[in-house]
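Colleague:
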Amino acid sequence: MDAGTILAQCGLFAALPPPALRQLAALCEPLELRGGDVLFGIGQPAEHLYLVALGRLRARLADGSVAGDIARLEPAGEISLLSGEPHSAEVHAVRDSLLLRLPRAPLLEFLQAHPATLLALTRTIVQRMRRNQREAVKETARRGQTLALIGGGGLDVAALARRLQDALAGGGAPTELIGADTIDAVFGAGAAHAPLREIEFDAQRMAWVGRIENSGHTLLLHARAEDPLWAERCLRQADRILVAVDSAEPARDTALLARLRELALRTPVELLILRPEGVAAGDVQGWRRLGGARAHYFLRPQPESADAADWASLARQLSGRGLGLVLGGGGARGFAHIGLMRALEQLRIPVDLAGGTSMGAFFAALRACGADSHEMLRVARETFVEHNYLNDYVLPRVSLIRGRKFLAHLRAIFGEQRIEELRLPYFAVSTNLSRATTMVHDSGPLAVWIGTSMSVPGFSPPVAYRGELLVDGAVTNSLPTDVMLQLGRGPIVASDVSTDGSLLAPGIEGPDQEALLNQAVRPPVSLIDILFASAVLTSESGVRQRASRADLYLRMPVSGIGLFDWKQIDAIVERCCEYALPRLEAFGSGLPVA
Numbered sequence: 001m002d003a004g005t006i007l008a009q010c011g012l013f014a015a016l017p018p019p020a021l022r023q024l025a026a027l028c029e030p031l032e033l034r035g036g037d038v039l040f041g042i043g044q045p046a047e048h049l050y051l052v053a054l055g056r057l058r059a060r061l062a063d064g065s066v067a068g069d070i071a072r073l074e075p076a077g078e079i080s081l082l083s084g085e086p087h088s089a090e091v092h093a094v095r096d097s098l099l100l101r102l103p104r105a106p107l108l109e110f111l112q113a114h115p116a117t118l119l120a121l122t123r124t125i126v127q128r129m130r131r132n133q134r135e136a137v138k139e140t141a142r143r144g145q146t147l148a149l150i151g152g153g154g155l156d157v158a159a160l161a162r163r164l165q166d167a168l169a170g171g172g173a174p175t176e177l178i179g180a181d182t183i184d185a186v187f188g189a190g191a192a193h194a195p196l197r198e199i200e201f202d203a204q205r206m207a208w209v210g211r212i213e214n215s216g217h218t219l220l221l222h223a224r225a226e227d228p229l230w231a232e233r234c235l236r237q238a239d240r241i242l243v244a245v246d247s248a249e250p251a252r253d254t255a256l257l258a259r260l261r262e263l264a265l266r267t268p269v270e271l272l273i274l275r276p277e278g279v280a281a282g283d284v285q286g287w288r289r290l291g292g293a294r295a296h297y298f299l300r301p302q303p304e305s306a307d308a309a310d311w312a313s314l315a316r317q318l319s320g321r322g323l324g325l326v327l328g329g330g331g332a333r334g335f336a337h338i339g340l341m342r343a344l345e346q347l348r349i350p351v352d353l354a355g356g357t358s359m360g361a362f363f364a365a366l367r368a369c370g371a372d373s374h375e376m377l378r379v380a381r382e383t384f385v386e387h388n389y390l391n392d393y394v395l396p397r398v399s400l401i402r403g404r405k406f407l408a409h410l411r412a413i414f415g416e417q418r419i420e421e422l423r424l425p426y427f428a429v430s431t432n433l434s435r436a437t438t439m440v441h442d443s444g445p446l447a448v449w450i451g452t453s454m455s456v457p458g459f460s461p462p463v464a465y466r467g468e469l470l471v472d473g474a475v476t477n478s479l480p481t482d483v484m485l486q487l488g489r490g491p492i493v494a495s496d497v498s499t500d501g502s503l504l505a506p507g508i509e510g511p512d513q514e515a516l517l518n519q520a521v522r523p524p525v526s527l528i529d530i531l532f533a534s535a536v537l538t539s540e541s542g543v544r545q546r547a548s549r550a551d552l553y554l555r556m557p558v559s560g561i562g563l564f565d566w567k568q569i570d571a572i573v574e575r576c577c578e579y580a581l582p583r584l585e586a587f588g589s590g591l592p593v594a
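In case it helps, the UniProt record's numbering puts the sequence shown at residues 1 to 594.
1. Would you decide whether H222 is buried or exposed? Buried here means 16 or more other CB atoms lie within 10 Å of its CB.
2. Report all residues from its chain with a CB closer than 8 Å to the CB of A293; omit the five preceding and five following residues, and keep chain order.
3. For the beta strand (DSSP E) containing I437, list its first residue and its last residue.
4. Report the CB separation of R316 from G151 in whole angstroms; it is logged as a contact under 8 Å.
5. By a C-beta neighbour count over all protein chains shown, 10 Å radius and 16 as the cutoff for buried, is L98 buried or exposed?
6. Taking only heavy atoms of the ligand PLP into account, decide whether any of them is closer than 8 Å to the Cβ of E421.
7. Examine chain C for any beta-carbon lying closer than 9 Å to the beta-carbon of D239, and answer yes or no.
8. For A8, which option in V38, A67, V52 and R34 has the closest C-alpha, if you only look at C-alpha atoms?
9. Drop a sphere of 10 angstroms on the beta-carbon of I492, count the other beta-carbons inside from all chains shown, and report buried for 16 or more, exposed for fewer.
10. State whether the stretch 466–482 contacts the stretch 544–552, with contact taken as three or more CB pairs (one from each stretch) at a distance under 8 Å.
11. Can you tell me which of S434, E262, V279 and L299 puts its alpha carbon nearest to the alpha carbon of G291?
12. Since L108 contacts T117 with CB under 8 Å, what's their CB separation in whole angstroms?
13. Can we say the stretch 441–459 touches the stretch 406–420, given the rule of at least three CB pairs closer than 8 Å?
14. DSSP three-state label for G324, please.
15. One question on the structure: do V429 and T438 come within less than 9 Å of each other, judged by their Cβ atoms?
16. Could you tell me which of V497, L39, L119 and I125 sits nearest to I79, measuring between CA atoms?
17. For E585, does the three-state DSSP call read helix, strand or coil?
18. Tell me whether the beta-carbon of H217 lies closer than 9 Å to the beta-carbon of T175.
19. Could you work out which residue in P276, G356, D283 and S83 is closest to L299 when comparing CA atoms only?
20. Taking only the alpha-carbon atoms, compute the straight-line gap between E574 and V463 and give it to the nearest angstrom.
21. Please determine, among L274, H387, L16 and S313, the residue with the shortest C-alpha to C-alpha distance to L155.
22. Say whether the stretch 230–250 touches the stretch 373–383, bearing in mind that this needs 3 or more beta-carbon pairs closer than 8 Å, one atom from each stretch.
23. In terms of residue numbering, what span does the alpha helix (DSSP H) encompassing A293 cover?
24. Can you name the start and end residues of the beta strand (DSSP E) that R163 belongs to?
25. Is the beta carbon of M359 sitting closer than 9 Å to the one on L366?
26. Less than 7 Å between C-beta atoms, sequence neighbours within five positions excluded: which residues of the same chain meet that for N477?
27. Look at the alpha carbon of I349 and the alpha carbon of C369, and state the distance between them as a whole number of angstroms.
28. Applying the 10 Å Cβ sphere with the 16-neighbour rule, what's the burial state of P457?
29. Per DSSP, what kind of secondary structure is D246 in: helix, strand or coil?
30. For the beta strand (DSSP E) containing V269, list its first residue and its last residue.
31. Going straight from the alpha carbon of L318 to that of G179, what length do you get?
32. Reducing DSSP to helix, strand and coil, say where residue 596 ends up.
33. What separation, rounded to the nearest whole angstrom, lies between the Cα atoms of V38 and E90?
34. If you scan the stretch 21–101 from start to end, which runs of the alpha helix (DSSP H) of 4 or more residues do you find wholly inside it?
35. Whole angstroms is fine: what's the gap from L82's alpha carbon to R411's?
36. Are the CB atoms of L563 and S495 within a distance shorter than 9 Å?
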């Protein structure tokens with residue numbers, strides 16, 4: 001490896017004259033990392049600056065969140081190097097990576113002699129420190145990456161790779177398809193199946209891969225499980241591993257999955273489950289456990305429009321352009337979400353995944369089940385306006401109602417569906433009252449977890465689960481943009497139906513302890529209003545932070561709407577559709593279009 005060539009290609013050092021480049025190159029030491037290896041940990045002293053010659057690194061903060069990826073020709077460790085403080089993040093190799101390592105003391109001397117390079121390094125530090133979590137996640141997802149698509153059995157992996165290549169290119173992510181035959185054609189017959197080395201680097205391959213990565217193209221490696229040497233090469237060179245399985249096949253361990261676990265690469269693994277229309281999802285959780293997968297996607301293999309939509313949605317999510325919808329809780333104010341759905345449909349903006357809290361969890365689930373705004377309006381009217389499923393009152397020892405009637409109705413709407421079997425990725429959140437934490441439900445019985453997310457403390461009984469008590473998600477997280485952001489699929493549209501100062505006693509000077517009892521307050525304040533406002537008080541204090549995680553934050557115009565103003569449904573839907581339309585149009589360049 002020619003360190004001088006690598007340094008000359010790097011923006012930090014490109015302006016240096018040739019003698020200075022040669023001086024800097026003499027300080028460089030090559031460092032090879034295998035996928036999963038830790039470069040440095042939190043609290044360790046900063047002894048070197050690192051430059052990525054090939055591969056990809058990932059920085060994680062102390063709370064486990066991703067601070068960002070470090071790609072080819074980018075530095076790592078520069079902040080601590082200049083500040084002299086210990087590293088504040090852990091950095092590890094996403095895949096096999098080759099670095100240039102420059103020792104701190106001689107590098108600082110060099111920088112003093114070349115202030116323009118010091119200035120360039122300082123600019124890099126400032127840019128990284130200004131980048132917020134949302135920008136870091138989006139940048140990580142959207143920049144060129146190397147994907148590995150692996151499958152076995154009767155699957156035509158090459159054909160699947162071509163379909164994914166077309167879908168990615170159609171979504172604005174031009175992709176280079178690389179199979180074993182490609183490697184043999186470029187590097188000579190048998191190159192793809194040569195004996196594996198611990199870490200594989202050579203100048204010829206570095207130059208070839210570097211040219212593709214510099215173009216900004218995505219690399220899509222594909223291999224059959226029955227070709228273990230080439231498959232392992234793909235696994236070790238990927239930033240993201242996609243394992244294709246057939247929903248009709250029972251989850252079973254294979255040599256490839258066992259090898260994937262042995263490698264301990266720390267590379268994200270996701271499932272592509274081929275599932276024809278009308279066919280059961282299969283053992284999703286079993287496959288996920290065996291592959292260590294963090295997510296899964298369902299794909300219809302039929303050559304129909306629904307199938308094309310599946311692949312387009314997959315491509316958007318893989319390239320950080322999938323639209324995530326986050327819906328907040330707020331009783332009847334949640335009808336605003338139907339207005340948002342109507343606006344999205346009018347603008348032909350596709351939703352790729354959805355999640356929410358309380359009433360938001362209800363409408364997000366309807367969307368995940370395939371309902372459009374017309375069907376949502378019908379279900380909402382039947383559920384909340386025409387019938388009262390919230391009147392199975394009990395002696396208020398734990399709650400005002402038993403909640404049995406409402407849960408039975410949720411089961412009538414959603415049946416026995418499980419969250420992990422929904423074609424559109426979905427989550428609901430509840431509050432663990434025993435631990436005072438938010439719980440995310442992305443698997444398990446859909447109706448049960450929707451009901452749990454809607455269990456207002458004092459009104460509905462808490463749900464006992466594994467020895468702990470769960471209640472309405474809005475108690476700790478009324479708008480779970482943080483959950484959506486961590487998925488890293490693309491832009492987030494958040495619909496907030498909370499209201500500021502909605503619980504008031506106008507005209508009462510007081511103090512008057514019996515004002516509400518004497519019905520002196522207009523509009524009247526009910527017990528449920530008080531219970532709900534008290535429950536979400538802590539959650540609402542974090543609205544600004546949750547709003548900052550959204551790419552488009554919609555504070556819906558629902559002021560003056562009470563929790564049980566069910567009969568306002570049509571006015572709320574119409575008003576909020578009119579509110580959302582121009583804002584979605586103005587933001588349109590950041591959203592996908594079907």
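Glycine included, each C-beta is placed from N, C-alpha and C at the ideal position.
Modeller: Let's see:
1. Counting Cβ neighbours within 10 Å, H222 comes out buried, since at least 16 surround it.
2. Excluding sequence neighbours, A293 sits near V243, V269, E270, L271 and W287.
3. Sequence check: residue 437 is Thr here, not Ile. T437 to H441 is the span of the beta strand (DSSP E), which, as asked, contains T437.
4. Going by Cβ atoms, the distance from R316 to G151 rounds to 21 Å, so no, they are not a contact pair.
5. The residue in question, L98, is buried, as its Cβ has 16 or more Cβ neighbours within 10 Å.
6. Judged by which ligands are present, the structure shown has none, so any question about the ligand PLP falls away.
7. Among the protein chains of the structure shown there is no chain C, as only one such chain exists.
8. Looking at V38, A67, V52 and R34, the one whose alpha-carbon comes closest to that of A8 is V52.
9. Buried: at least 16 other Cβ atoms inside 10 Å.
10. Flag = yes, the stretch 466–482 and the stretch 544–552 touch.
11. Among S434, E262, V279 and L299, the Cα nearest to that of G291 is on E262.
12. That pair is no contact at about 11 Å.
13. With the cut-off at 8 Å, the stretch 441–459 and the stretch 406–420 touch.
14. Strand, per DSSP.
15. Going by C-beta atoms, V429 is nearer than 9 Å to T438.
16. Comparing Cα positions, the closest option is I125.
17. E585: helix per DSSP, three-state reduction.
18. A Cβ-Cβ contact shorter than 9 Å links H217 with T175.
19. Nearest of P276, G356, D283 and S83 to L299, Cα basis: P276.
20. Between E574 and V463, the alpha-carbon positions lie close to 35 Å from each other.
21. When each option's Cα is compared against that of L155, the closest is L274.
22. Taking 8 Å as the limit for Cβ pairs, the verdict is that the stretch 373–383 does not touch the stretch 230–250.
23. Run containing A293: none; DSSP gives neither H nor E here.
24. Looking at the DSSP string, R163 is not in any beta strand (DSSP E); the run it does join, the alpha helix (DSSP H), is V157 to G170.
25. Not closer than 9 Å, so no.
26. Cβ-Cβ distances below 7 Å link N477 to T357, V429, T438 and S539 in the same chain, with the five nearest sequence neighbours on each side left out; the list follows chain order.
27. Going from the Cα of I349 to the Cα of C369 covers about 17 Å.
28. Looking at its Cβ environment, which holds 16 or more other Cβ atoms inside 10 Å, P457 is buried.
29. Looking at D246 - three-state DSSP - the assignment turns out to be strand.
30. First-last of the beta strand (DSSP E) with V269: V269 to L274.
31. When rounded, the distance between both Cα atoms is 20 Å.
32. In this structure the chain extends from 1 to 594, so residue 596 is not present and cannot be described.
33. One C-alpha to the other measures close to 7 Å.
34. Within the stretch 21–101, the complete alpha helix (DSSP H) runs of at least 4 residues are 78–83.
35. A straight-line Cα-Cα distance of about 59 Å links L82 and R411.
36. No, they are not a contact pair.
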